[in-house]
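Student: For reference, the structure I am asking about is given below.
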Amino acid sequence: MHVFLTGATGLIGRPAAAALLARGHAVSALTRSAARAALPPGVRVLEGDPASPGAWEEALAGCDACVHLAGEPVEGRWTAEKKRRIRDSRVLSTERIAAVIRAGGPRVLVSGSAVGFYGARGDEVLDEGAGPGEGFLAEVSQAWEAAARPAEARARVTWLRTGIVLAREGGALPRLVQPFRLLAGGPLGRGDFWQPWIHLDDEVGLVLLALEDARAAGPLNAAAPAPARNRDLARAVGRVLHRPALVRTPELAVRLAVGEMAEVVLASQRVVPRRALELGYRFRFPDLDAALADLLAR
0 MHVFLTGATG
10 LIGRPAAAAL
20 LARGHAVSAL
30 TRSAARAALP
40 PGVRVLEGDP
50 ASPGAWEEAL
60 AGCDACVHLA
70 GEPVEGRWTA
80 EKKRRIRDSR
90 VLSTERIAAV
100 IRAGGPRVLV
110 SGSAVGFYGA
120 RGDEVLDEGA
130 GPGEGFLAEV
140 SQAWEAAARP
150 AEARARVTWL
160 RTGIVLAREG
170 GALPRLVQPF
180 RLLAGGPLGR
190 GDFWQPWIHL
200 DDEVGLVLLA
210 LEDARAAGPL
220 NAAAPAPARN
230 RDLARAVGRV
240 LHRPALVRTP
250 ELAVRLAVGE
260 MAEVVLASQR
270 VVPRRALELG
280 YRFRFPDLDA
290 ALADLLAR
């Protein structure tokens, strides 16, 4: 297939581009700065903003499939402007891509989403049949998914509801590990909230599953089969690094440090990948200790 890829320079997009090439797909990648993209050889690099009209729309129309991963990073203080960028970068770009597809573009759309769709749900087990939750990211995720629905008139659409992606460089793991290296690691608050995590290799694997398996349509939880409570995640990091996990950070300190983004940091989301398992996907890293050992090995 000829795959149109957005978010190609991001945490997921860059290895996804390499994986697509390795499987024999042609890749056209849309980036805001072609000069700084540094994508794998063989990727056709296009410059543009998926939230704005441009020559990229004609390129998209000529492709077989689209993997849409672009979006403003959620990390950072949620000022009014930051929240606008988080929402608009996802919703407006998806609306434009869906319009191109509906008018005669690709037959497959793999669109980003997030486990934020479910909001904070305590101990409730959340598979793809669970309804939406409340909060800013839940509202954004619902609007993000709704923006892709017009493409269903022509294409098979899959929404990847992604959890915390664990990677060697970038994402949440380096920030999580730093206190442990300083002998100050431990749980956040009581540490009893659930965190849906996924190894970067499996995140890319699920992108490929959603793209290539004709049975994959609708929401697909991109999270490992064994979500972990925050305290168990902290203990696992400590085990792998041979560091204690005894320094508890008060919940109030978290809220003061990150502001409204604490909605994400402290949310309890017991997300399970029911659909991926039904489709036969075999996780390379279903176990947290093995995932962390792979990522933190030196």
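Position one of the sequence shown corresponds to residue 0 (numbering that gives the first Met the number 0), numbered consecutively onward.
Heads up, the beta-carbon is just placed ideally off N, CA and C, and yes, glycines get one too.
1. Nearest CA to the CA of R153: which residue from A290, A97, F179 and R89?
2. Using CA atoms only, rank isn't needed, just tell me which of R247, H241 and V239 is closest to R230.
3. Given a cut-off of 7 Å, decide if R160 and S112 are closer than it, judged by their beta-carbon atoms.
4. Give the DSSP-derived three-state secondary structure of Q358 in the structure shown.
5. Please list the terminal residues of the continuous beta strand (DSSP E) segment that includes A152.
6. Given this structure, state the Cα-to-Cα distance separating A18 from A37, to the nearest angstrom.
7. Please classify T78 as buried or exposed, where buried requires at least 16 neighbouring CB atoms within 10 angstroms.
8. Do T5 and L29 come within 7 Å of each other at the CB atom, strictly closer than that value?
9. Terminal residues of the continuous beta strand (DSSP E) containing S27?
10. Would you list the residues sitting across from S110 in a DSSP beta bridge?
11. Whole angstroms are fine: how far does the CA of F192 sit from the CA of H24?
12. Within its chain, find whatever has a CB closer than 8 Å to the CB of R155; leave out the 5 residues flanking it on each side and keep chain order.
13. Can you tell me which residues form a DSSP beta bridge with R43?
14. Using 7 Å as the threshold, is the C-beta distance between A58 and S27 below it?
15. From the DSSP output, read off the bridge partner residues of V229.
16. Do A16 and V44 have their beta-carbon atoms positioned less than 7 Å apart in this structure?
17. To which residues of the same chain is G188 closer than 6 Å at the C-beta, ignoring the five residues directly before and after it?
18. Per DSSP, what kind of secondary structure is L19 in: helix, strand or coil?
19. A222 and P272 look like a contact to me (Cβ under 8 Å); what is the Cβ gap, rounded to whole Å?
20. Please classify D385: is it buried, with 16 or more other beta-carbons within 10 angstroms of its beta-carbon, or exposed?
21. Could you spell out where the beta strand (DSSP E) holding A221 opens and where it closes?
22. Would A244 and R234 be called neighbours here (beta carbons separated by less than 7 Å)?
23. For the alpha helix (DSSP H) containing L251, name the first residue and the last one.
24. Beta-carbon within less than 6 Å of G185's beta-carbon, same chain only, minus the 5 sequence neighbours each way: which residues are those?
25. If we ignore side chains and look at the alpha-carbon of each, how far apart do A145 and G237 end up?
Tutor: By the coordinates alone:
1. A97
2. R247
3. yes
4. No answer is possible for residue 358: the residues shown for the chain start at 0 and end at 297.
5. That residue, A152, is in no beta strand (DSSP E); it is neither H nor E in DSSP.
6. 15 Å
7. exposed
8. yes
9. A25 to T30
10. H67 and W158
11. 40 Å
12. R106, V107, L108, A213, A215 and A216
13. S27
14. yes
15. In the sequence as displayed, the identity of residue 229 is Asn instead of Val. The partner list for N229 (beta bridge, DSSP) is empty, contrary to what the question assumes.
16. no
17. E250
18. helix
19. 5 Å
20. The requested residue 385 does not occur in the structure, where the chain is confined to residues 0 to 297.
21. G217 to A221
22. yes
23. E250 to V257
24. A233, A244, L245, V246 and R247
25. 40 Å
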